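Protein chains: 2
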Amino acid sequence: MRVVIQRTGLSADVLRAWERRYGVVAPDRSEGGQRLYSDDDVERLTLLRRATTAGRNISQISALPLPELEALVAEDETLRASQEETPEGRRHAAHPFTDAAGRAVERFDVADLEAQLRRAAMQLGSAIAVDEVITPVLRDIGDRWHKGELTPAHEHMATAAIRRVLAWMSASALVPHYAPLAVVATPANQRHELGAKIVSTTATTEGWRVLFLGADLPAESIAAAVAQSGASLVALSMIFPEHDPGLVAELARLRQLLPPHVQMVAGGPAAVANQTDLVAHGTRVMHSLAELRVLLRSLNPAA
Amino acid sequence: MRVVIQRTGLSADVLRAWERRYGVVAPDRSEGGQRLYSDDDVERLTLLRRATTAGRNISQISALPLPELEALVAEDETLRASQEETPEGRRHAAHPFTDAAGRAVERFDVADLEAQLRRAAMQLGSAIAVDEVITPVLRDIGDRWHKGELTPAHEHMATAAIRRVLAWMSASALVPHYAPLAVVATPANQRHELGAKIVSTTATTEGWRVLFLGADLPAESIAAAVAQSGASLVALSMIFPEHDPGLVAELARLRQLLPPHVQMVAGGPAAVANQTDLVAHGTRVMHSLAELRVLLRSLNPAA
DNA sequence: TAACTATTGACAAAACCTAGACAATTCAAC
DNA sequence: GTTGAATTGTCTAGGTTTTGTCAATAGTTA
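Chains as they are written, first to last, in my numbering: chain A, -14 to 288; chain B, -14 to 288.
Here it is, written out as structure tokens:
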């Protein structure tokens, strides 16, 4: 009994209630009348618990045969896993690195900054490192530069270090040659390249080959690159300016130039600001790197 | 009798009660009627104790033959260990990599194996990659090699790849020069080096500098290395043989040779098997890498 | 003789059992 | 929005089983 409680994670009360009310299992009894569960019973109860914690109600599933139960649980859990995020825990884990990196920037200590970022990536994984360390550090530097607490030199030093760390992360990923290919760039008149670098690294660590084109590219160049390389995805990073009147038209034109089977996604402040127009022209807008990762995973046939 | 009490950890009363009530063992008797236990009896009683502390009730398991008992205990304990240390979600996230790595081993595809492991490290973080991908893959290879499904060549190929990935992980960590120093080795007569490599990488990613000495080293050599390098921690990996009579004495000697302020920790099957003796001589025994990480973090003044 | 060990019977804490009740949700109907 | 019924996890009460420990008495070993 105790073993079953441990293994299934169900309380003794629930165990008995389920048996009494729904007859989910029928364990043998000892001479004294105590329950003796079989391995199959345990298997079954574990599945039922997982199904119920995923939202099913027992009365509905109590009579299901084991294989059907398995299928049900598998389906529920993969669905949930794809939706789930855990903001509070990761932030907590990332905080020491964010903190140390911030201080390294102040001190102009490039080596330490780079070490902190790389260690963050190794300890937390590249996704969390990008979301919870690199991005916050960049934002923090921007804020403090506005307040006059940091000089442009600080910012240059930091972005150079971040660039190196991103390059290292990309190089570390060892993407197989049969991986799908994404083209990453910044559209015309968008001159901030770092966001595109981050997107590029994200795609690489998600198992994509990346053709990085850089910043401020006209639609024709991007389309030509896609055609020659056979990429199946175009990812655009758009930061500033947010309300460039030419931007939407430029992307609409690119959409026209691309083959229909090539997906086109855009992210960053300027993308979110023009969301409705972009969506209308057939561009998907990403609100976070996490959203981009989900998309990349769903489009990657290897994973 | 005395001896049996010590070795099994059971009280004399319990010993007699179990024999009387459930007939768990039938020891020979001396002329005067006193119990004379055989080694098998002790083995059996120890297993029964482990099973009961894991939650089983004696009356149910008292009649089980020895091999079944062993299987039961092993199952209970590994299950418990894995439940405690893996909050469910990690496993789920790591599973695709473990899976792909296993298939890469089958196919002799070194490049893919290495790519999978490195991508696992980048996506999940090195700790999870080690615990949920590398360790399971190694175990899996061992199992399938025993079953004849894999050849020694598979194993060599895989360990070589794992070695490279561990080296890459260590190199990626960029440990600062002021970090505390740990000496990692394997004591005399312990020839498995890979466990020590894993420990070494774990320490590095936790922000320690590591002096890796390798396998099968006498206490004097280790002590000399510690003295010259000024290390503050000695970490020993001990896999096989588990019941080497010289092992405990060797570690006791090493403890004597080391300055008192230097911590000494041991992990691996052979460490767990000799736990009580080792602890008595002042060596801490780690049951998992997770436990080691906690210790490393608590000893590291920088973090 | 001193220190252990054996046997037997008894005891009490811990773990389980049944049956029933209760409270928080959920859900359909009004 | 409210009401009432069904669902479901938890709790209570009173009894049984299991299991570790103790005590009393007696024998064994060094």
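Think of the CB as a built atom: it goes at the ideal place given N, C-alpha and C, for glycine as much as any other residue.
Being a predicted model, the structure only gives us computed values, none of them experimental.
Contact between the region 163 to 173 of chain A and the region 122 to 142 of chain A is absent: fewer than 3 CB-CB pairs across the two stretches fall below 8 Å.
Three or more beta-carbon pairs separated by less than 8 Å link the region 42 to 54 of chain A to the region 2 to 14 of chain A, which places the two stretches in contact. For leucine 243 of chain A, no CB of chain B lies under 8 Å from its own CB, so it is not counted at the interface with that chain. For methionine 107 of chain B, the residues of chain A that pass the 8 Å Cβ criterion are Ala106, Gly110, Ser111, Met154, Ser157, Ala158, Thr190, in the order they occur in the chain. Residues of the same chain with a CB within less than 8 Å of the CB of glutamine 260 of chain A, apart from the 5 flanking positions on each side, are Val270 in chain order.
Not one beta carbon of chain B lies nearer than 8 Å to the beta carbon of arginine 92 of chain A. With a cutoff of 8 Å on beta-carbon distance, threonine 171 of chain A and alanine 158 of chain A are scored as not near each other. According to DSSP, residue pairing for proline 50 of chain A in a beta bridge does not occur.
Look at the beta carbons and you see the region 51 to 61 of chain A touching the region 25 to 37 of chain A: at least three pairs across the two are nearer than 8 Å.
Residues of chain B with a Cβ closer than 8 Å to the Cβ of valine -12 of chain A are, in chain order, Ala39, Gly40, Arg41, Asp61.
For the 8 Å CB-CB criterion, alanine 112 of chain B and glutamine 101 of chain B do not form a contact. Check the Cα spacing between glycine 215 of chain B and each of B:Val168, B:Val(-1), B:Tyr7: the tightest is with B:Val168. Where methionine 142 of chain B is concerned, the enclosing alpha helix (DSSP H) starts and stops at 137 to 157.
Shortest Cα-Cα distance from arginine 20 of chain A to any of A:Leu64, A:Ile(-10), A:His177 involves A:Ile(-10). Nearest Cα to proline 50 of chain B within the set B:Arg75, B:Ala89, B:Val9: B:Val9. Membership of alanine 220 of chain B in the beta strand (DSSP E) is indicated by the continuous run 218 to 222.
The beta-bridge partner set that DSSP reports for alanine 170 of chain B consists of B:Gly199, B:Leu221.
The criterion of a C-beta distance shorter than 8 Å is satisfied by glutamine 108 of chain B and glycine 110 of chain A. With respect to arginine 240 of chain A, glycine 267 of chain A sits close: the two C-beta atoms are nearer than 8 Å. Ranking B:Ala146, B:Met223, B:Trp130 by CA distance to the CA of alanine 258 of chain B puts B:Met223 first. For glycine 252 of chain B, the uninterrupted beta strand (DSSP E) run begins and ends at 248 to 252, by DSSP.
The shortest CA-to-CA distance from arginine 104 of chain A to any of A:Thr120, A:Val90, A:Thr83 is the one to A:Thr83.
The beta carbon of threonine 189 of chain A sits closer than 7 Å to those of Ser155, Ala158, Val160, Val195, all from its chain and outside the five residues before and after it, given in chain order.
Listed along the chain, the chain A residues whose CB falls inside 7 Å of the CB of leucine 277 of chain B amount to none; the nearest CB is some 14 Å away. With 16 or more neighbouring CB atoms inside 10 Å of its own CB, leucine 243 of chain B falls in the buried class.
Listed in chain order, the positions of the region 116 to 148 of chain B with a beta carbon within less than 7 Å of a beta carbon of chain A would be empty, since no residue qualifies. Close partners of proline 161 of chain A in chain B (Cβ separation under 7 Å): Asp97, Ala100. If you draw a straight line from the Cα of arginine 65 of chain B to the Cα of threonine -7 of chain A, it is about 12 Å long. Straight-line measurement puts the Cα of tryptophan 153 of chain B at about 18 Å from the Cα of histidine 141 of chain B. Chain-order list of chain B residues neighbouring arginine 14 of chain A: empty, with the shortest C-beta distance near 12 Å, by a criterion of under 9 Å. Excluding sequence positions up to five before and after valine 27 of chain B, its CB lies within less than 8 Å of the CB of Val(-11), Arg(-8), Thr(-7), all in the same chain and listed in chain order. Looking only at B:Arg76, B:Ala48, B:Ala(-3), B:Gly192, the smallest Cα-Cα distance to leucine 281 of chain B is reached by B:Gly192. Taking C-beta atoms as the reference points, valine 219 of chain A and methionine 249 of chain A count as a pair closer than 8 Å. At a cut-off of 8 Å between beta carbons, arginine 103 of chain B contacts chain A. DSSP links aspartate 13 of chain B through a beta bridge to B:Leu21. Taking the Cα positions, valine 150 of chain B is about 43 Å away from leucine 30 of chain B.
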